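To start, the structure under review is shown below, and the notes come after it.
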Amino acid sequence: MHLEFPILGAKWAIGSIALFHTAVASMAIGFAFFVTVAQIVSYIRKENRYDLLAKKVQLIHVCIYNIGTINAIGLVFLLSGLFPQFWAQLFVQFYWSIIVEEFLFFLLATTITFHYFFWDKLWGHKKLHIFLGALLTPLFFLQFYIINGLGSFMLTPGFGEAELSLRTGVLGWDKMGFYNPSFLMLTLHRTLANFAYGGFSAAGLCGIFLYFAKKPKLKEFYEDGGRLAFQIAFMAFLSLPVAGYFYAHVLKNHANEAYMNLMWGRGDVVAGGVDWWWLKHICVAAMMGICLTYFRKTSSADKEFTIPAIMVYSVAVLYLMFYLAMGMVMTWAFFWFMLAFGVGGAFLSVHLLKYHGGSGRGVFLLIGILSFTTVMLGGYSREASRPRFVKRISHYDKVFVPEERQPYLMVHVDPEDIPKVTPKEKASGPASLIRENCSGCHTLTRVKNYPLDNWQVIVSQMEAYGLKLTREESKLITAHLDSGRPY
Amino acid sequence: MNEKTEEKENSEAQEQAAQESKEGGSPEKAPKWESELDVYPLREPSDDPRWAVRTVWIWTGFAIAALIFIFTLLVLGAIYD
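First to last, the sequence lines map onto chains A and B. Following the numbering used here, the residues of the first sequence are numbered contiguously, the last one being 487. Following the numbering used here, the residues of the second sequence are numbered contiguously, the last one being 1081.
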């Protein structure tokens, strides 16, 4: 069976729904962390505004969590329909991981719902309410810890060691495949990236509301709330380039093709003439410039959640050295581009602050948009750089289940009880042979649209790819295709 | 803090918000929650509806137990194949 997705095609259908899922799911994780921090700050200071902001963010969180979950179901449906063998292979190796993941969905959905809808009912038990919200972060962590096992397995499957753990262990739990070489760095990078993305998105929302707020009290509410979100995001964001550097090292050693595609701009990483990974790095450098300038400009003002100027300068020097080192490791063009966009971001930040009379609304909105862009570009580049799964899993064309485990998957049936089925008459004639053999891997339209006439070479190539034909069948097929007769 | 004190504080906050709106001369309509900005409305635990508190306690207990269970699974899964 071969299903195809209309218009978009299978690859882009999966790609677009997966990217959309990344956009909402990562934001949900970041929002959960921000809500807890804002609630704790509010409780310590006994000021309601941060708690109010947390409540507004949590309402959006409830919505996007539901959208993300439904979207995840769509992703599973698409994968199981369009790439059934791939999905079946993942089930053989990670069945129990996926079951635990599903249970975590249930825990999270209920916890978020209770946390939001009991907000005003628990003012006498505020600590309990904050604790309930704080539970979301470890639950989310566990959830993407598990999904990262599968995600990183697709990038670095562990060179077949996975099959070894399947042979000896629990069917549906592949330890070697789960804790594969890139698992740790992916998890670390994603944790920090989600915190940064959630915080920047909350700041972006404050920026939007600031554009519409006219009363000083409301302006102050969104300004301070936005700065708190911005600061949380910035702290997480700072660690990302360093985590990313070590992540790239793991790819260099364990997923060299993906590493080459990213670093040299090869394969699907470049689409429409644009190197999307390079563009992501440009956005990151611009964000660094924007953040540092914003905190430098606010450090002298008597405002909450600012960063001392000396710390801002120290961070700036540290990252200048980091990018200098990256220039030495990669290319000097990388260093100069990042520096140029970092400085450009800094100037833009100064301009926006001046233009809005010191208000951070422009900067908040811009950082929210850039953060969203980097998450999208990072997600796309990661998946686009990965060589096709089919090329690396030798058992892709036949779902791998260790033989000694197969009896457990079988239903006990007495062979005598199985009704006799008359075998289908085997097709004969060259036209039938073409239909049967070619459509095993691709559509017949592909054969019909083939522009050249060298059918003998093509048929030999197909045999090299794994097509099983007798010498006689091969001759018949080639002659029929050469004659141009219908099939 | 009982309910009466809380209501009084809320109405004071609303009056203050209305005054600020006049001073600012802005035609913007004050959102309902603006008055809540000035108070952190902690109250006596006994003022919370019991069913809500019980529900959240039960759920929190279940969620923690589930977290421990999943964590144990992960630890065992990391040790044994």
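The beta carbon of each residue, even a glycine, is placed where N, CA and C say it ideally should be. It should be emphasised that the depicted structure is a prediction, and the values quoted were computed from it without experimental measurement.
Enclosing alpha helix (DSSP H) for residue i [first to last residue]
i: A/G172; result: Taken as a continuous stretch (DSSP letters only), A/G172 belongs to no alpha helix (DSSP H), as it is neither H nor E.
i: A/R502; result: Here chain A has residues from 1 to 487 only, and residue 502 of chain A is not among them.
i: A/D482; result: 471-483
i: A/K219; result: 216-254
i: A/G488; result: Given a span of 1 to 487 for chain A in the structure shown, any question on residue 488 of chain A remains unanswerable.
i: A/Y313; result: 309-329
i: A/G368; result: 361-385
i: A/D51; result: 48-82
i: A/N194; result: 183-212
i: B/K1032; result: Segment: none, B/K1032 is in no alpha helix (DSSP H) and carries neither H nor E.
i: A/F347; result: 332-355
i: A/L489; result: The requested residue 489 of chain A does not occur in the structure, where chain A is confined to residues 1 to 487.
i: A/A301; result: First-last for A/A301: undefined, no H or E at that position.
i: A/E463; result: 455-465
i: A/C438; result: 430-438
i: A/T306; result: Per DSSP, A/T306 belongs to no alpha helix (DSSP H) and is neither H nor E.
i: B/L1067; result: 1050-1079
Supposed contact pair residue j and residue i - C-beta distance, whole angstroms, cut 8 Å
i: A/M338; j: A/Y323; result: 5 Å
i: A/L210; j: A/F372; result: Between A/F372 and A/L210 the Cβ distance is about 18 Å, and since that is not below 8 Å, they are no contact.
i: A/V250; j: A/S182; result: 5 Å
i: A/F5; j: A/L82; result: 6 Å
i: A/L262; j: A/S381; result: 6 Å
i: A/M287; j: A/I369; result: Contact flag wrong, Cβ pair sits at about 10 Å.
i: A/G378; j: A/K280; result: 5 Å
i: A/G68; j: A/G199; result: That belief does not hold up - the Cβ atoms of A/G68 and A/G199 are roughly 18 Å apart, past 8 Å.
i: A/F153; j: A/G133; result: Not really, about 32 Å apart at Cβ, beyond 8 Å.
i: A/G360; j: A/G289; result: Rounded, the Cβ-Cβ distance is 15 Å, inconsistent with contact.
i: A/I282; j: A/F341; result: 5 Å
8 Å Cβ cutoff, residue i in contact with chain A
i: B/S1035; result: no
i: B/S1068; result: Residue identity check: residue 1068 of chain B is Ile in the sequence provided, not Ser. Not one chain A Cβ lies under 8 Å of B/I1068.
i: B/A1063; result: yes
i: B/T1060; result: yes
i: B/V1056; result: yes
i: B/R1050; result: no
i: B/V1039; result: yes
i: B/V1053; result: yes
8 Å Cβ cutoff, residue i in contact with chain B
i: A/Y179; result: yes
i: A/L171; result: no
i: A/Y408; result: With a pLDDT of only 49 at A/Y408, under 50, the local geometry of the prediction cannot be trusted, and the value read off the model is given with reservation. Output row for A/Y408: interface = no.
i: A/D482; result: no
i: A/V37; result: no
i: A/G124; result: yes
i: A/N48; result: yes
i: A/K217; result: yes
i: A/K448; result: no
i: A/K468; result: no
i: A/T156; result: no
i: A/F305; result: no
i: A/V100; result: yes
i: A/F195; result: no
i: A/T191; result: no
i: A/P138; result: yes
i: A/K475; result: no
i: A/K175; result: yes
i: A/L19; result: no
i: A/K127; result: no
Chain-order list of residues whose beta-carbon lies under 7 Å from that of residue i (same chain, five-residue window excluded)
i: A/L238; result: V315
i: A/I14; result: L78, L79, L82
i: A/E257; result: P387
i: A/Y222; result: C206, F209, L210, A213
6 Å CB neighbourhood of residue i in its chain, flanking five on each side removed
i: A/E383; result: none
i: A/M462; result: none
Beta-carbon proximity list for residue i, same chain, < 8 Å, skipping 5 on both sides
i: A/L240; result: H189, L192, A193, A196, V284
i: A/L139; result: L104, L107, L108, T111
i: A/V37; result: L228, I232
i: A/I434; result: L444, V447, I477, H480, L481, Y487
i: A/N148; result: F183, L186, T187, R190
Quick check: the region 338-353 of chain A against the region 256-267 of chain A, are at least 3 beta-carbon pairs closer than 8 Å? no
Under 8 Å: do the region 50-68 of chain A and the region 86-104 of chain A share three or more Cβ pairs, one atom per stretch? no
Can we say the region 474-487 of chain A touches the region 438-456 of chain A, given the rule of at least three CB pairs closer than 8 Å? yes
With three or more C-beta pairs closer than 8 Å as the rule, is the region 181-194 of chain A touching the region 138-153 of chain A? yes
The region 104-115 of chain A touching the region 1036-1043 of chain B, judged by at least three CB pairs closer than 8 Å: no
Touching by the beta-carbon criterion (3+ pairs, under 8 Å), the region 74-81 of chain A and the region 112-127 of chain A: no
Touch check for the region 172-186 of chain A and the region 88-99 of chain A: three-plus C-beta pairs under 8 Å? yes
Are three or more beta carbon pairs between the region 82-93 of chain A and the region 1058-1065 of chain B nearer than 8 Å? no
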